[in-house]
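Asker:
Protein chains: 2
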Amino acid sequence: MELKKLIFEEAAKIDEVMRLDLDELAAELDPLLIEILNYGLFSGGKRIRPFLTTSAGRLCGCTDEGIYRLATSFEYLHAATLIHDDIIDNASERRGAASVVSQYGLAEAILAGDFLHAHSMQLVSRIGGPQALTAFCRATMAIVDGEFRQLRNAAGFEQSETEYFTVVKGKTALLIGAACEIGGMYGGGDDGICSALQIFGINLGCAFQIIDDLLDYQGNSDKTGKATGNDLAEGKMTLPVIIALQRADEQDRQALLAIFADPEARARSLADVFGLIKRYQGFSSAREKAEELIDKALAALPVMESQDALKERVILKDLCTYVLNRDK
Amino acid sequence: MELKKLIFEEAAKIDEVMRLDLDELAAELDPLLIEILNYGLFSGGKRIRPFLTTSAGRLCGCTDEGIYRLATSFEYLHAATLIHDDIIDNASERRGAASVVSQYGLAEAILAGDFLHAHSMQLVSRIGGPQALTAFCRATMAIVDGEFRQLRNAAGFEQSETEYFTVVKGKTALLIGAACEIGGMYGGGDDGICSALQIFGINLGCAFQIIDDLLDYQGNSDKTGKATGNDLAEGKMTLPVIIALQRADEQDRQALLAIFADPEARARSLADVFGLIKRYQGFSSAREKAEELIDKALAALPVMESQDALKERVILKDLCTYVLNRDK
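These protein sequence lines map, in sequence, to chains A and B.
Residues in the first sequence are numbered consecutively from -4, following this note's numbering.
Residues in the second sequence are numbered consecutively from -4, following this note's numbering.
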């Protein structure tokens, strides 16, 4: 409860910094571009990536408010990838509202994403310096690589856990890792500390994605704001299914694969797929995997001596618990 | 002739550096992504932007071969914008071959552009440092802003010369300016020299675009590799038309505007539009404007004392003449 309040307050601060930044940009940029940036950036979102940046920075001793500006670059980049993702996935909605591409058009969505991309890098370079930018670009390129691997995997439905985690790291976890690492750098953490923070973030990011996979089947759509069974409808192989496929007998395996191979079957087979995943403990094993990853994240979390650092450590631990137990 | 040979040799060097770089990337990236990068990067092109970077660097005293790696970032960014542009313009061809989007698909083209975007920034930051990255990002964001202004102008066909140059600077000239400026920085030029090099590049870039506009109406499509009248077919307001519209009597002005407002009329009115532009000296005045801009570029070109710098200055002057007189 305390953590939720903190996340909410930090998100409000990040939003304020972004709004001031956009106001400055508005003086020199095309009004439609500014409108789209506002639309894409302020459509909700818990600002978890910036939260991690500022928290990791404070863990390393940062008391400088300039870190909020650095932290916004993760939200800018995240928004850029969402805007481009919605084009790629042909998604007309995002968080219950029209996606940027369906609201403003293809050209506008591509360009707005490109702008946020460049703007985020400029911020990281200017505030975080060259080492931070290298980490940031590495994560950005990993996102693209992850998307390519996912496109390739989408062709065949038999995917190993290793392939799954390669995609998740690229698409999600490396950026979360970079948010922690770069926050640490800004806070003055040494290489060992920053690399530990990166490992913390990568494991947290992977766990986060697994919980997302679980909520897609098990969540309450009133709370998550997303329809249950969305991943199945899109034919997306997520961890619960991958685990079930590994363990299923030949008949069930073929049944699952047949459903995933056929868009119409996917649309009407949510209950069947749910049952098959459950039969082979796909949900519980995926959750165990998420718990293991959170344990790894916590084990990596640096122990610092100051009172402020100890306080921040508690917050990051609470965040881990929150990620595991979230229902939306 | 000598200059053409030099451009050719420098392009071969740039290509070699990019090939080595892609070979390194191939070790860790998805093979399809690597294939698309190769396809998008090696489809021809004179590598004028990298040429300017290395030349400006040498003008400032650079003897270090590392500048070629820095220079490739301009080609990477240029390729990224072309790949995204072809999506936006729905262009199935680029330099006589299938565009990346038509060869590989929408998702792939968006992602490959995003990758090149991030990769180019990482290179500029790593090799050129934070000041270079700031200039590079500024140019990148100006490209997006220029595209937005163009999208907006496309709605109405009455465009002022000022609006035309705002778009051209954003879409083309600022990146060429940055290529010169950042080359100068790497070569150790002081702020005054680098800013003069930027002005040189911006004026050269604007002149380059005007010649492009002229070639689209007056060029020999066997040489340019593009169909004549393409800009008209797309309803693109270029400088010769803007000048003609300013000077035309009411009847001719309305005739021109009516043609531009109707895609079918555009498709069959090349000869009429050509005649109207000629009647109001649209072509000759646009050429005069390009010549003026080249004069401005040359006036900005720093005078350095060393023999090497003098030699480089002659090359850049020759390049200006080449840009004015090119027939493709």
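Every residue gets a Cβ at the ideal spot worked out from N, C-alpha and C, and that includes glycine.
Only a predicted model underlies this, so the values are computations on that prediction, with no experimental measurement involved.
In the DSSP output, which residue or residues are listed as bridge partners for Glu88(B)?
Answerer: For the purposes of this step, residue 88(B) is taken as the residue at position 93 of the second sequence. Bridge partners of Glu88(B): Ala93(B).
Asker: Identify, in the order they occur along the chain, each residue of the same chain with its Cβ nearer than 7 angstroms to the Cβ of Glu307(B), setting aside the five sequence neighbours on each side.
Answerer: One-based indexing of the second sequence puts residue 307(B) at position 312. So the list reads Ser50, Arg53, Leu54, once near-sequence residues are dropped.
Asker: Quick check on Asp324(B): buried or exposed, where buried means 16 or more other Cβ atoms within 10 Å of its Cβ?
Answerer: Nothing can be reported for residue 324(B): it is not among the residues displayed for chain B, which extend from -4 to 323.
Asker: Can you list the residues of chain A that Thr129(B) reaches, using a CB-CB cut of under 9 angstroms?
Answerer: Working through the second sequence from its first residue, we reach residue 129(B) at position 134. By Cβ distance, chain A contributes Gln117, Ser120, Arg121.
Asker: State yes or no: is the beta carbon of Arg90(A) nearer than 9 angstroms to at least one beta carbon in chain B?
Answerer: By 1-based counting over the first sequence, the position of residue 90(A) is 95. No - not a single Cβ of chain B is within 9 angstroms of the one on Arg90(A).
Asker: Check whether chain A comes within 9 angstroms of Thr135(B), counting only Cβ atoms and requiring the distance to be less than that.
Answerer: Stepping through the second sequence from its first residue, residue 135(B) is reached at position 140. Closer than 9 angstroms to some Cβ of chain A, the Cβ of Thr135(B) qualifies, so yes.
Asker: How about Pro258(A): is its C-beta nearer than 9 angstroms to some C-beta of chain B?
Answerer: Mapped onto the first sequence, residue 258(A) falls at position 263. No, no contact with chain B.
Asker: Measuring alpha carbon to alpha carbon, tell me which of Asp186(B), Leu146(B), Val139(B) ends up nearest Leu169(B).
Answerer: What you label residue 169(B) is simply residue 174 of the second sequence in a count that begins at 1. Here the closest residue by C-alpha is Val139(B).
Asker: Quick test of the definition: if touching needs 3 or more C-beta pairs under 8 angstroms, does the segment 289 to 303 of chain B touch the segment 311 to 321 of chain B?
Answerer: yes
Asker: Answer with yes or no whether the minimum CB distance from Arg147(A) to chain B is below 9 angstroms.
Answerer: Taking the first residue of the first sequence as position 1, residue 147(A) is located at position 152. So, interface residue.
Asker: Which residues of chain A have a Cβ atom closer than 9 angstroms to the Cβ of Arg44(B), listed in chain order?
Answerer: Residue numbering aside, residue 44(B) sits at position 49 when the second sequence is read from its first letter. The contacting residues do not exist; Arg44(B) stays about 17 angstroms from chain A at best.
Asker: Go to Asp208(B), then tell me how far its alpha helix (DSSP H) extends in each direction, as first and last residue.
Answerer: Here the question's residue 208(B) lines up with position 213 in the second sequence. Where Asp208(B) is concerned, the enclosing alpha helix (DSSP H) stretches over 186 to 213.
Asker: When the distance is taken between beta carbons, is Ala239(B) closer than 9 angstroms to Leu210(B)?
Answerer: Numbered from its first residue, the second sequence carries residue 210(B) at position 215. Numbered from its first residue, the second sequence carries residue 239(B) at position 244. Going by C-beta atoms, Leu210(B) is not nearer than 9 angstroms to Ala239(B).
Asker: Quick check on Gly91(A): buried or exposed, where buried means 16 or more other Cβ atoms within 10 Å of its Cβ?
Answerer: Against the first sequence, residue 91(A) aligns to sequence position 96. Its Cβ having fewer than 16 others within 10 Å, Gly91(A) is exposed.
Asker: Can you tell me whether DSSP reads Ala321(A) as helix, strand or coil?
Answerer: Taking the first residue of the first sequence as 1, we reach residue 321(A) at position 326. Sequence check: residue 321(A) is Arg here, not Ala. It is coil, neither helix nor strand.
Asker: Residues of chain B with CB closer than 8 angstroms to the CB of His114(A), please, in chain order.
Answerer: Residue 114(A) sits at position 119 when you count from the first residue of the first sequence. Simply Cys132, Met136.
Asker: List the endpoints of the continuous alpha helix (DSSP H) containing Ser68(B).
Answerer: One-based indexing of the second sequence puts residue 68(B) at position 73. That run of the alpha helix (DSSP H) goes 62 to 83.
Asker: DSSP three-state call for Cys132(A): helix, strand or coil?
Answerer: Counting from one through the first sequence, the residue named residue 132(A) turns up at place 137. Here Cys132(A) carries a helix assignment [DSSP, helix/strand/coil].
Asker: Assuming Asp257(B) and Leu234(B) form a contact by the criterion Cβ under 8 angstroms, report the distance between their Cβ atoms to the nearest whole angstrom.
Answerer: On the second sequence, residue 257(B) is found 262 positions in, with the first residue counted as 1. On the second sequence, residue 234(B) is found 239 positions in, with the first residue counted as 1. Contact doesn't hold; Cβ gap of about 22 angstroms is too wide.
Asker: Counting only beta-carbon atoms, is Asp313(B) nearer than 9 angstroms to chain A?
Answerer: Looking up residue 313(B) in the second sequence gives position 318. No, Asp313(B) lies away from the interface with chain A (no Cβ there is under 9 angstroms from its Cβ).
Asker: May I have the straight-line CA-CA distance separating Leu128(B) from Ser190(B), to the nearest angstrom?
Answerer: Within the second sequence, residue 128(B) is the residue found at index 133, counting from 1. Within the second sequence, residue 190(B) is the residue found at index 195, counting from 1. So the alpha carbons of these two residues sit roughly 15 angstroms apart.
Asker: Contact defined as beta carbons within less than 8 angstroms: I believe Tyr275(B) pairs with Ala295(B). What is the distance between those atoms, to the nearest angstrom?
Answerer: Counted from its first residue, the second sequence places residue 275(B) at position 280. Counted from its first residue, the second sequence places residue 295(B) at position 300. Actually they are not in contact, since the Cβ atoms of Tyr275(B) and Ala295(B) sit about 31 angstroms apart, beyond 8 angstroms.
Asker: Given this structure, state the Cα-to-Cα distance separating Ala285(A) from Gln204(A), to the nearest angstrom.
Answerer: By one-based count along the first sequence, residue 285(A) stands at place 290. By one-based count along the first sequence, residue 204(A) stands at place 209. In a straight line, the C-alpha of Ala285(A) is about 9 angstroms away from that of Gln204(A).
Asker: Met299(A): which of Phe69(A), Ala262(A), Lys8(A), Cys57(A) sits nearest, CA to CA?
Answerer: In the first sequence, the residue the question calls residue 299(A) occupies position 304. Of the candidates Phe69(A), Ala262(A), Lys8(A), Cys57(A), the one whose C-alpha sits nearest the C-alpha of Met299(A) is Cys57(A).
Asker: Is DSSP giving Lys41(B) helix, strand or coil here?
Answerer: Here residue 41(B) is taken as the residue at index 46 of the second sequence, counted from 1. Here Lys41(B) sits in coil by DSSP.
Asker: Does the segment 76 to 90 of chain B come close enough to the segment 118 to 132 of chain B to have 3 or more Cβ pairs within less than 8 angstroms?
Answerer: no
Asker: Would you tell me roughly how many angstroms separate the C-alpha atoms of Asp226(A) and Phe255(A), rounded to the nearest one?
Answerer: Stepping through the first sequence from its first residue, residue 226(A) is reached at position 231. Stepping through the first sequence from its first residue, residue 255(A) is reached at position 260. Their backbone Cα atoms lie some 10 angstroms apart in a straight line.
Asker: May I ask which residues mark the beginning and end of the alpha helix (DSSP H) holding Arg121(A)?
Answerer: What you label residue 121(A) is simply residue 126 of the first sequence in a count that begins at 1. It is not in any alpha helix (DSSP H) - Arg121(A) carries neither H nor E in the DSSP assignment.
Asker: Using a C-beta to C-beta distance shorter than 8 angstroms, which residues of chain A count as neighbours of His73(B)?
Answerer: Taking the first residue of the second sequence as 1, we reach residue 73(B) at position 78. In chain order: nothing, as chain A lies at least about 13 angstroms away.
Asker: Assuming Thr223(A) and Gly230(A) are in contact, meaning their beta carbons sit under 8 angstroms apart, how far apart are those beta carbons, in whole angstroms?
Answerer: The residue given as residue 223(A) occupies position 228 in the first sequence. The residue given as residue 230(A) occupies position 235 in the first sequence. That belief does not hold up - the Cβ atoms of Thr223(A) and Gly230(A) are roughly 16 angstroms apart, past 8 angstroms.
Asker: Let me see if you follow: with CB-CB separation under 9 angstroms, is Leu15(A) close to chain B or not?
Answerer: Position 20 of the first sequence, counting from 1, holds the residue named residue 15(A). No, Leu15(A) does not count as interfacial toward chain B.
Asker: Going by beta-carbon coordinates alone, are Met136(B) and Ala113(A) separated by less than 9 angstroms?
Answerer: Locating residue 136(B) in the second sequence gives position 141, where the first residue counts as 1. Locating residue 113(A) in the first sequence gives position 118, where the first residue counts as 1. Yes.
Asker: List, in chain order, every chain A residue whose beta-carbon is nearer than 7 angstroms to that of Asp109(B).
Answerer: Taking the second sequence and counting its residues from 1, one reaches residue 109(B) at position 114. Here the neighbours are His79, His112, Val139.
Asker: Residue range of the alpha helix (DSSP H) that Leu296(B) falls in?
Answerer: Start at 1 with the first residue of the second sequence, and residue 296(B) comes out as number 301. Where Leu296(B) is concerned, there is no enclosing alpha helix (DSSP H), given that its DSSP letter is neither H nor E.
Asker: Round the Cβ separation of Phe69(B) and Arg44(B) to the nearest angstrom and send it over; I've been treating them as touching at under 8 angstroms.
Answerer: Residue numbering aside, residue 69(B) sits at position 74 when the second sequence is read from its first letter. Residue numbering aside, residue 44(B) sits at position 49 when the second sequence is read from its first letter. With a Cβ gap of about 4 angstroms, Phe69(B) and Arg44(B) count as contacting.
Asker: Using the rule of at least 16 other Cβ atoms within 10 Å of the residue's Cβ for burial, across every protein chain shown, is Phe352(A) buried or exposed?
Answerer: What is shown of chain A runs -4 to 323, which leaves residue 352(A) out entirely.
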